[in-house]
Amino acid sequence: MEYVKLINCMRCGMCLPHCPTYKETFLETASPRGRVALVRKFQEGELVESEKFLEYVSLCLDCQACASACPCGVNAGELVAEFRCERKQEQGLSTMEDLILRKLVPHPDRLEAATAPLRLYQRTGLQKVVRSLGLLKVFPSALGRMEGLLPKLPAAPLRQTISEVTPAVGEQKGTVGFFLGCVMSLIFSEASLATVELLSTLGYKVVTPKDQKCCGAPNMLGHDIDGLKDAARFNTDLFQSQELDFVVTDCGGCGAELKKYGHHLDGEAAATAFSTKVRDISEILATEAATLKDKLKPLPIKVTYHDPCHIAHCQGIRSQPRALINLIPGIDFRELPEADACCGSAGTYNIEKPEMSDRVLSRKVQNVQKTGADYLVTSNPGCLLQLKKALAEATPPVKVIHLTELLQMSLNA
Amino acid sequence: MEDSFIKALSNIVGEQYTLSDPESLACYGYDSTPELQSRPGAVVLPGTAEEISKVLALCNGTGVRVTPRGSGTNLSGGSISFDAGVVLQTSRMNRIVEIDEENLTATVETGVITSTLHREVEAKGLFYPPDPGSMNISTMGGNVAENSGGLRGLKYGVTDDYVMGLKTILPDGEVLKTGGKVVKDVAGYNLNQLLVSSEGTLGVFTEVTVKLIPKPQAKKTMLVHFPQLEQAALTVSHIIAARIIPATLEFLDRTTIKCVEDYAHVGLPLDVDAVLLIEVDGHPAQVEEDAAGIRDICERHHCSFFQTAASTEEALKLATARRVALSALARVRPTTILEDATVPRSCIAPMVKLIQDTAKKYDLLIGTFGHAGDGNLHPTCLTDERNPDEIKRAHQAFGEIFDATIAMGGTITGEHGVGVAKKKYLPKLVGESGLRVMRGIKGAFDPRGTLNPGKIF
Ligand SMILES: Cc1cc2nc3c(=O)[nH]c(=O)nc-3n(C[C@H](O)[C@H](O)[C@H](O)COP(=O)(O)OP(=O)(O)OC[C@H]3O[C@@H](n4cnc5c(N)ncnc54)[C@H](O)[C@@H]3O)c2cc1C
Ligand code: SF4
Ligand code: SF4
Chain A
60 MEYVKLINCM
70 RCGMCLPHCP
80 TYKETFLETA
90 SPRGRVALVR
100 KFQEGELVES
110 EKFLEYVSLC
120 LDCQACASAC
130 PCGVNAGELV
140 AEFRCERKQE
150 QGLSTMEDLI
160 LRKLVPHPDR
170 LEAATAPLRL
180 YQRTGLQKVV
190 RSLGLLKVFP
200 SALGRMEGLL
210 PKLPAAPLRQ
220 TISEVTPAVG
230 EQKGTVGFFL
240 GCVMSLIFSE
250 ASLATVELLS
260 TLGYKVVTPK
270 DQKCCGAPNM
280 LGHDIDGLKD
290 AARFNTDLFQ
300 SQELDFVVTD
310 CGGCGAELKK
320 YGHHLDGEAA
330 ATAFSTKVRD
340 ISEILATEAA
350 TLKDKLKPLP
360 IKVTYHDPCH
370 IAHCQGIRSQ
380 PRALINLIPG
390 IDFRELPEAD
400 ACCGSAGTYN
410 IEKPEMSDRV
420 LSRKVQNVQK
430 TGADYLVTSN
440 PGCLLQLKKA
450 LAEATPPVKV
460 IHLTELLQMS
470 LNA
Chain B
-5 MEDSFIKALS
5 NIVGEQYTLS
15 DPESLACYGY
25 DSTPELQSRP
35 GAVVLPGTAE
45 EISKVLALCN
55 GTGVRVTPRG
65 SGTNLSGGSI
75 SFDAGVVLQT
85 SRMNRIVEID
95 EENLTATVET
105 GVITSTLHRE
115 VEAKGLFYPP
125 DPGSMNISTM
135 GGNVAENSGG
145 LRGLKYGVTD
155 DYVMGLKTIL
165 PDGEVLKTGG
175 KVVKDVAGYN
185 LNQLLVSSEG
195 TLGVFTEVTV
205 KLIPKPQAKK
215 TMLVHFPQLE
225 QAALTVSHII
235 AARIIPATLE
245 FLDRTTIKCV
255 EDYAHVGLPL
265 DVDAVLLIEV
275 DGHPAQVEED
285 AAGIRDICER
295 HHCSFFQTAA
305 STEEALKLAT
315 ARRVALSALA
325 RVRPTTILED
335 ATVPRSCIAP
345 MVKLIQDTAK
355 KYDLLIGTFG
365 HAGDGNLHPT
375 CLTDERNPDE
385 IKRAHQAFGE
395 IFDATIAMGG
405 TITGEHGVGV
415 AKKKYLPKLV
425 GESGLRVMRG
435 IKGAFDPRGT
445 LNPGKIF
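Listed below in structure tokens is the structure:
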């Protein structure tokens, strides 16, 4: 890690009020400024990698709210992640990590096969039995948490059911590649179907290559740089072999990662060209606002919007989703307090750090309740998972949907 | 620090809120002051005034020093413990106790963040004017201890002008109540005002009652470009001389403009020597008249562009740009040494010129911005702490700048406090008698020297 990146932090504290873990604890060690200081002092040899040290460093959600807030251009979250990666490269992956990150995640069919028993489990009613008997309590707690978060899975992942080419409706305006994303395809296939339908309704031919692999974000999270590079190279080659105007994704996490391929592959021309073509669905739709507006029908509902970290902080997309929601006639849009604060999902953070995740989440839930909205709109599968569950259990319950599902609702109203 | 002492602390504030691991101590060894660092012996985060009182009594009795801390955003080393003592952070004490709409006062615990108070009182149509650039981070206790000023200081004054009452825990754990909600009070020495700007050396504030005023009905924000620095500085003096008192009259020089624009993208010009950010507020008719008067003066001083914010959003964007000025400057070089030279407002032009000449003389990059309306300038030297020669030159340059400031009838700090950073200049400013009286006051409050030793003098 470049030392100068660490000493650029002038400790002004501008990041403190934006950091979810600082807001919960008021501790310097749980603040961006403190995290930079920890890593810096480690590099200077003043601190060692003790258990406490690792605990502090791993409490960071990597939500990058600090990066948006820092006027000096310091990115505490990224520095911490980089630090963890460097340590990981020295240690190597564990057997379990190797199994998941190298043998499972990069192979969509294996991933889909692995979740098949879950589909069965949910659909045979076994889930109800297990839940009502409280059997989850005997599972290791992480598994139990994961099980609890899962909504009802679709009958089949979208990757298996969607056709490679979805033609444009009416006159064709352009061709876009659709990047599926593992969790979107596996769990939120209906939202992704809505994305594809919206694009084709607006005149885009949508190409969805079946061979595409995971974007590599889980490898990044697992600090597996080599795995990340493999994914980047594969997807770049696959999509660059087609004649595409844009590569569109409706997953904030994938979008943020795909836009960094150029950087991950050290500025390789093809990867950089690929990255510059990547658009979040809201970016594309926002350019079509005029056309879309004529097609949307009234929805008399109260809606609020949660900014996923990977959309707002990593990609700087804030105004487009709001503008799109406001296109819908009759909609009552209410701004969410602290809308761009992390919901606590943060990859696998909600499983690894349940206590902090719950604290961050409950702040989000309270803020949603303050708006009085019936629907919370967002556009990242991690947020959808986390918020769907929490807001279904809130009183009154709030429905959580993807931005494209909301727009489709209005199209079909 | 001994385990038994840590244990005694955690018996008072709870284990969770008593920190003594090396990682935590390292993270409480700094504040926003450049170059200064030192590790405390322990950190506590008490949740109530009673806990603070007990911590102080314990430390006072055992000879352990205590350094109060809010959010650690001060720029004079005030919240760093230099003698391995206890750092006492007030952030958990963040309740708004009362907003009294009949008496126009607000009473808050001192860990409340300044902008939170703004939001709460403005929701009731009231106004708490002090708004330091750090208002989204700093605590009310820190503001009182440093007597913080802000962008609205020119018209509305600084923290001191709003503090009506304080609840303070003295070093021996006793509670001292000063002032209150009465508007007039001349009973004895004005301890309230003495405590404001005491920099954590006399007592720990746990509650503050501040004066509120009605929220101004209207406001207008203007941004003016000046190709020449002299003209901008003269404009400031002439606006005041014309008896127009804007709420805000801020100055940014070329170096600062570039850095802020790089970060905030608000459309600042990159080809001018200076911009002024001006805000007028009050009765709508008065606002119109003042804005027109200001425009006239700016044009007479050859401004190249005059923009009035079209919407509240645009106005907010411009004000935010000014608030991030300091941090944005830090993008250029890793170490930013910020100063707080304050001169009578008629001396703004010669002062800015002197700063630029000094920068040239010592071959340094110095950006200047500040509350020009009250003569409070922040020459900011952009350096690299890994270059000792450059750092040495920076300190020499500031030495000269301060000599000139004092010679012009100015002061070595307008709002950041003396702390450790400005200690060496204080005797020049207040003289032997000043120091003697200040030491006497310290002795009366804190005979054992428990609180924040080594600061101010
Ligand atoms: C980006 C930036 C912009 C700034 N802009 C301004 C500005 O415009 N105007 C301005 O005046 N300052 C400004 N400052 C300086 C700083 O923010 C203020 O001095 C602020 O009041 C400090 O508040 P804090 O809560 O961070 O206090 P700290 O920094 O934690 O403490 C400051 C001092 O107060 C003492 N203290 C804190 N709490 C208490 C308490 N409860 N009882 C007794 N003593 C206490 C501490 O011992 C210390 O000496 C700025 C700083 C930064 C980093
Ligand atoms: S990370 Fe940025 S915002 Fe936070 S203290 Fe450092 S410089 Fe300031
Ligand atoms: S990435 Fe998020 S949690 Fe981590 S330091 Fe930044 S703001 Fe805090």
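These protein sequence lines map, in sequence, to chains A and B. Going by our numbering, the first residue of the first sequence is number 60, and it counts up by one from there. Going by our numbering, the first residue of the second sequence is number -5, and it counts up by one from there. Note that beta-carbon positions come from the ideal geometry of N, C-alpha and C, so glycine has one too.
Query	Result
Give me the residue from A/Gln425, A/Arg218, A/Thr350 with the minimum Cα distance to A/Ser244.	A/Arg218
Below 8 Å on C-beta distance, what does B/Val318 contact in chain A?	Met73, Pro130
Is the shortest distance between the beta-carbon of B/Tyr24 and the beta-carbons of chain A less than 8 Å?	yes
Using the beta-carbon count (16 or more within 10 Å), is B/Gln225 buried or exposed?	buried
For chain E, check one thing: does any of its Cβ atoms lie closer than 8 Å to the Cβ of A/Thr407?	Within the model displayed, chain E is absent; protein chains A and B are what it includes.
What is the residue span of the beta strand (DSSP E) that B/Gln301 lies within?	299 to 302
In the structure shown, what three-state DSSP assignment does B/Cys375 receive?	strand
Under 8 Å between C-beta atoms, does A/Pro199 make it to chain B?	Annotation note: pLDDT 49 at A/Pro199 (below 50); position unreliable, coordinate value reported separately. It does not; no Cβ of chain B falls within 8 Å.
For A/Tyr115, does the count of other Cβ atoms within 10 angstroms reach 16, so buried, or fall short, so exposed?	buried
With 9 Å as the limit, tell me which residues of the region 9 to 22 of chain B have their beta carbon closer than that to any beta carbon of chain A; keep them in chain order.	Leu13, Asp15, Pro16, Glu17, Ser18, Ala20, Cys21, Tyr22
Buried or exposed for A/Val95, going by 16 or more other Cβ atoms inside 10 Å?	buried
B/Leu39 versus chain A: which residues are under 7 Å apart at the beta carbon?	Phe85
Among A/Gln445, A/Thr331, A/Glu347, A/Ala227, which has the Cα closest to the Cα of A/Tyr263?	A/Ala227
Name the residue from A/Met279, A/Cys131, A/Val362 whose alpha carbon lies nearest to the alpha carbon of A/Lys64.	A/Cys131
Give the interface partners of B/Tyr122 over in chain A, defined as CB-CB distance under 8 Å, in chain order.	Ordered by position in chain A, no residue passes the 8 Å Cβ test against B/Tyr122, which lies about 18 Å from the chain.
If the criterion is Cβ atoms closer than 8 Å, does the pair B/Met216 and B/Ile272 meet it?	yes
Give a yes or no on contact between the region 438 to 450 of chain B and the region 189 to 204 of chain B, applying the rule of three or more CB pairs nearer than 8 Å.	yes
Using the C-alpha atoms, what's the distance from B/Arg86 back to B/Tyr122?	22 Å
Beta-carbon of A/Thr346 versus every beta-carbon of chain B: anything under 8 Å?	no
Between which residues of its own chain and A/Cys129 is the CB-CB distance below 7 Å, once the five residues before and five after are set aside?	Met73, Cys74
Can you find the residues in the same chain that come closer than 8 Å, C-beta to C-beta, to A/Ala126, ignoring five residues on each side of it along the sequence?	Val133, Asn134, Ala135, Gly136, Glu137, His372
Restricting to runs no shorter than 4 residues, where is the alpha helix (DSSP H) found entirely within the region 305 to 376 of chain B?	306 to 317, 319 to 323, 342 to 355
Could you check whether B/Phe363 and B/Leu456 sit closer than 8 Å to each other, using their CB atoms as the reference points?	With chain B running from -5 to 451 in the structure shown, residue 456 of chain B is simply not present.
Leaving out the 5 sequence neighbours to the left and right, which residues in its chain are closer than 7 Å to B/Lys422 when beta-carbon positions are compared?	Ile400
Please classify A/Val459 as buried or exposed, where buried requires at least 16 other C-beta atoms within 10 Å of its C-beta.	buried
Assuming A/Ala423 is part of the beta strand (DSSP E), what are its boundary residues?	Just to set this straight, residue 423 of chain A is Lys in the shown sequence, not Ala. Per DSSP, A/Lys423 belongs to no beta strand (DSSP E); it is in the alpha helix (DSSP H), 413 to 430.
If the cut is a Cβ gap below 9 Å, which residues of chain A does B/Glu379 touch?	Ile66
Does the separation of the CB atoms of A/Val139 and A/Cys122 fall below 8 Å?	no
Tell me the residue span of the beta strand (DSSP E) that contains A/Val306.	305 to 308
By Cβ distance below 8 Å, which residues in the same chain neighbour A/Asp325 in space, the five residues on each side in sequence not counted?	none
Should A/Gln467 be labelled buried (16 or more other beta-carbon atoms within 10 Å of its own) or exposed?	buried
To the nearest angstrom, report how far apart B/Met432 and A/Val436 are at their CA atoms.	59 Å
A/Gly321 to A/Pro167, Cα distance in whole Å?	23 Å
Classify A/Gly286 as helix, strand or coil using the three-state DSSP reduction.	helix
Assuming A/Val362 contacts A/Ala432 (C-beta within less than 8 Å), just tell me the rounded distance between them.	6 Å
Looking at B/Val180: is its Cβ nearer than 8 Å to the Cβ of B/Val157?	no
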